[in-house]
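K.L.:
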Amino acid sequence: MALTHSTYRTRRTHGHGRGPAASIGIGVAAGMTAAAGLLFGRKAATISKIGKGHPLKHRALDLAAGAMQQKYPLDAMSTYLNGFHMYADDMGRQVEATHFCIHLRHDLHQCVIFDRNAPDARLIGIEYIISEERFRGLPEDEKRLWHSHQYEVKSGSLTAPGIPDMAEHAYFEDLVTTYGKTFHTWQYDRDDFPLGIPQLMMGFTEDGQVSDDLVRDRDRRLGVSTAHKRQNRADIPMPDVAPGANAWESGRTVRTRIEETDFKR
Numbered sequence: 001m002a003l004t005h006s007t008y009r010t011r012r013t014h015g016h017g018r019g020p021a022a023s024i025g026i027g028v029a030a031g032m033t034a035a036a037g038l039l040f041g042r043k044a045a046t047i048s049k050i051g052k053g054h055p056l057k058h059r060a061l062d063l064a065a066g067a068m069q070q071k072y073p074l075d076a077m078s079t080y081l082n083g084f085h086m087y088a089d090d091m092g093r094q095v096e097a098t099h100f101c102i103h104l105r106h107d108l109h110q111c112v113i114f115d116r117n118a119p120d121a122r123l124i125g126i127e128y129i130i131s132e133e134r135f136r137g138l139p140e141d142e143k144r145l146w147h148s149h150q151y152e153v154k155s156g157s158l159t160a161p162g163i164p165d166m167a168e169h170a171y172f173e174d175l176v177t178t179y180g181k182t183f184h185t186w187q188y189d190r191d192d193f194p195l196g197i198p199q200l201m202m203g204f205t206e207d208g209q210v211s212d213d214l215v216r217d218r219d220r221r222l223g224v225s226t227a228h229k230r231q232n233r234a235d236i237p238m239p240d241v242a243p244g245a246n247a248w249e250s251g252r253t254v255r256t257r258i259e260e261t262d263f264k265r
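Per the UniProt record's numbering, residue 1 is the first one in the sequence shown, and the count goes up by one each step.
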């Protein structure tokens, strides 16, 4: 629901600034904020850090919603991954991607992607991850939208921050044979606002493609070592890439575009 001034109007007295109603409104909002903070501590503190410029009443409503509403799909996002994507038609445009995923079925993960792991992170896209068996059964035109994960896993560029090496190793033993379809809805490397249409993204497939500066900056901020992870995963077998994936490697690629058409009634 959009809140307007008339929705939450306060009354002023002549010549005295805020009147009693305004004071009461601010007091109630402040009270709601404090109560919500007591109810769910860390979450309230996190919410209070975001929403730059939001009126106090909006912050109070956000806190109340956070305390009272169940968000089952978000609660089920159990895996945090960090890696890098490139635009399907331009290897020079590379971005860091923070994934939060759920293993929805045995052959399907679904992930939401942010620019970083922070309370005020920007939602930049989605990724679906499927098994090799499922990928091989896709129509040929559909396969052109998907990229392999074998190099991302083996190189150490895809990581699960905060997970012990042994547990991460076991997870990536399974992920190394999977394929992803990724669209970014916010070109945050170019725009400070989600402009334009979703862009098809791809993953890297060999050394020398991903920017060393991007990797070093990520490793420093997250306290991880891509080189160490690469060494730790050396014993994971390198699978062959199924035909049809990583279509850009042929020198031809696909991308999304807007096309005008007749409206159907």
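Ideal placement from N, C-alpha and C gives every residue a C-beta, glycine not left out. This one's a predicted model, so the numbers in the text were calculated from it and none came from an experiment.
Sort out for me which residues DSSP pairs residue 159 with in a bridge.
P.N.:
Start at 1 with the first residue of the sequence shown, and residue 159 comes out as number 159. Per DSSP, 82.
K.L.:
Using the DSSP secondary-structure output, state which residues sit across from residue 98 in a beta bridge.
P.N.:
Within the sequence shown, numbered from 1, the residue matching residue 98 stands at position 98. BP columns for residue 98 point to 82 and 114.
K.L.:
Could you pull the DSSP bridge partners for residue 183 from this structure?
P.N.:
The sequence position of residue 183 within the sequence shown is 183, counting from 1. DSSP links residue 183 through a beta bridge to 126 and 200.
K.L.:
CA-CA distance, residue 209 and residue 201?
P.N.:
Position 209 of the sequence shown, counted from the start, is the residue given in the question as residue 209. Position 201 of the sequence shown, counted from the start, is the residue given in the question as residue 201. Going from the Cα of residue 209 to the Cα of residue 201 covers about 14 Å.
K.L.:
Rounded to whole angstroms, what is the Cα-Cα separation between residue 60 and residue 74?
P.N.:
For the purposes of this step, residue 60 is identified with residue 60 of the sequence shown, where counting begins at 1. For the purposes of this step, residue 74 is identified with residue 74 of the sequence shown, where counting begins at 1. Distance between the alpha carbons of residue 60 and residue 74 is about 21 Å.
K.L.:
In terms of residue numbering, what span does the alpha helix (DSSP H) encompassing residue 257 cover?
P.N.:
Translated into the one-based positions of the sequence shown, residue 257 becomes position 257. That residue, residue 257, is in no alpha helix (DSSP H); it is neither H nor E in DSSP.
K.L.:
From the DSSP output, in three-state form, read off residue 147 for me.
P.N.:
The sequence position of residue 147 within the sequence shown is 147, counting from 1. DSSP places residue 147 in strand when its eight states are reduced to three.
K.L.:
What is the DSSP secondary structure of residue 240, reduced to helix, strand or coil?
P.N.:
Walking along the sequence shown from the start, residue 240 turns up at place 240. Three-state DSSP puts residue 240 in coil, outside helix and strand.
K.L.:
Would you report the Cα separation of residue 238 and residue 156, rounded to the nearest angstrom?
P.N.:
In the sequence shown, the residue the question calls residue 238 occupies position 238. In the sequence shown, the residue the question calls residue 156 occupies position 156. For residue 238 and residue 156, the distance between alpha carbons rounds to 13 Å.
K.L.:
Report back the beta-carbon spacing between residue 112 and residue 123 to the nearest angstrom; my notes put them in contact at under 8 Å.
P.N.:
Reading the sequence shown from its first residue, position 112 is the one you call residue 112. Reading the sequence shown from its first residue, position 123 is the one you call residue 123. So it is a contact: roughly 7 Å between Cβ atoms.
K.L.:
In whole angstroms, give me the CA-to-CA distance for residue 256 and residue 184.
P.N.:
Numbered from its first residue, the sequence shown carries residue 256 at position 256. Numbered from its first residue, the sequence shown carries residue 184 at position 184. Each residue's Cα considered, the two are about 11 Å apart.
K.L.:
For residue 71, count neighbouring Cβ atoms within 10 angstroms of its own Cβ and tell me buried if that reaches 16, exposed if not.
P.N.:
The sequence position of residue 71 within the sequence shown is 71, counting from 1. So residue 71 ends up on the exposed side.
K.L.:
From the DSSP output, in three-state form, read off residue 106 for me.
P.N.:
What you label residue 106 is simply residue 106 of the sequence shown in a count that begins at 1. In this structure, residue 106 counts as coil in the three-state DSSP scheme.
K.L.:
So, is residue 177 buried or exposed, given that buried needs 16 or more other C-beta atoms within 10 angstroms?
P.N.:
The residue you call residue 177 lines up with position 177 of the sequence shown. By the 10 Å Cβ count, residue 177 comes out buried.
K.L.:
May I have the straight-line CA-CA distance separating residue 162 from residue 260, to the nearest angstrom?
P.N.:
In the sequence shown, the residue the question calls residue 162 occupies position 162. In the sequence shown, the residue the question calls residue 260 occupies position 260. The alpha-carbon atoms of residue 162 and residue 260 are separated by roughly 46 Å.
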